Amino acid sequence: MYTTAKKPYINRLLEVAMLVAEATAGTDINLVVAALLHDAIEDSEVPRELIADTFGDDVTSIVAEVTDDKSLPKAERKLKQVETAPLKSPRAKVLKLADKTSNLRALAASPPTDWTVKRRIEYVKWARQVVEGLHGANLKLEAQFDEAARAAERSFRVAKGI
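The sequence shown runs 72 to 233 under the numbering used here.
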């Protein structure tokens, strides 16, 4: 999503991996590894083949499943996330849910300085739309997402003086 001024980006990847590990009680190591790498293709242009050679096809397929196609316009990528969320594999749904939870926690705690309140509101609304398609993936993680969304909403109400 973005890097806040207060936290190194790696912290977000670690948080997503921790959320996945907790949600699965540590029983799916490949999913936790995929959580650590979930933005590697999309944001760091790590070749899919390098992930496969290093971590195997299972991890690679999960990472690829949650990777946006950066050749598409941003609005189209966002719409595609909403449309494809219900079609994801159960493991990719858990990872996507953890990612959205982490994003909203970061948005509440330390929003990007160049984001307006309107943009923050729109992001939370969009994240909720994506997560609607992930329902049933993991009840504990869904509850954590809901709390993160409420915290993000409280944060921009404070920013607006409401």
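Using N, Cα and C, we set each Cβ at its ideal position, and we do this for glycine too.
Here the structure is a predicted model, which means the values were calculated and not measured.
Would you identify the three-state DSSP class for residue i, choosing helix, strand or coil?
{"i": "D124", "result": "helix"}
{"i": "V195", "result": "helix"}
{"i": "K189", "result": "helix"}
{"i": "D140", "result": "coil"}
{"i": "D114", "result": "helix"}
{"i": "S160", "result": "coil"}
{"i": "T172", "result": "helix"}
{"i": "A88", "result": "helix"}
{"i": "K78", "result": "coil"}
{"i": "N101", "result": "helix"}
{"i": "Y73", "result": "With a pLDDT of only 48 at Y73, under the threshold of 50, the placement of this residue in the model should not be trusted; the figure read from the coordinates follows. The answer is coil: DSSP assigns Y73 none of H, G, I, E or B."}
{"i": "S226", "result": "helix"}
{"i": "T155", "result": "helix"}
{"i": "L208", "result": "Strictly speaking, residue 208 in this sequence is Ala, with Leu absent from that position. Coil."}
How would you label residue i, buried or exposed, when you count the other beta carbons within 10 angstroms and need 16 or more for buried?
{"i": "K159", "result": "buried"}
{"i": "D214", "result": "Checking the sequence, you will find Ala at residue 214 rather than Asp. By the neighbour-count rule (16 or more Cβ atoms within 10 Å), A214 is not buried but exposed."}
{"i": "I122", "result": "buried"}
{"i": "P157", "result": "exposed"}
{"i": "P144", "result": "exposed"}
{"i": "S115", "result": "exposed"}
{"i": "E54", "result": "The requested residue 54 is not part of the displayed model; the chain covers only 72 to 233."}
{"i": "D124", "result": "exposed"}
{"i": "P118", "result": "exposed"}
{"i": "R112", "result": "For clarity, residue 112 is Ile in the given sequence; the question names Arg instead. Classification of I112: buried, given that the 10 Å Cβ count is 16 or more."}
{"i": "V87", "result": "buried"}
{"i": "R221", "result": "exposed"}
In whole angstroms, what is the alpha-carbon distance linking residue i and residue j?
{"i": "Y73", "j": "D110", "result": "Reliability of the predicted coordinates at Y73 is poor, the pLDDT of 48 falling under 50, and the value obtained from them is presented with this limitation in mind. Answer to the nearest angstrom: the Cα atoms are 11 angstroms apart."}
{"i": "K61", "j": "R148", "result": "Examination of residue 61 is not possible in this model, given that the chain is present from 72 through 233 alone."}
{"i": "A177", "j": "D140", "result": "23 angstroms"}
{"i": "M89", "j": "T184", "result": "26 angstroms"}
{"i": "R225", "j": "K78", "result": "21 angstroms"}
{"i": "T131", "j": "A105", "result": "7 angstroms"}
{"i": "V202", "j": "L150", "result": "13 angstroms"}
{"i": "L168", "j": "S142", "result": "23 angstroms"}
{"i": "Y194", "j": "R162", "result": "24 angstroms"}
{"i": "D217", "j": "F126", "result": "32 angstroms"}
{"i": "R199", "j": "N174", "result": "12 angstroms"}
{"i": "A219", "j": "I81", "result": "19 angstroms"}
{"i": "G97", "j": "L107", "result": "14 angstroms"}
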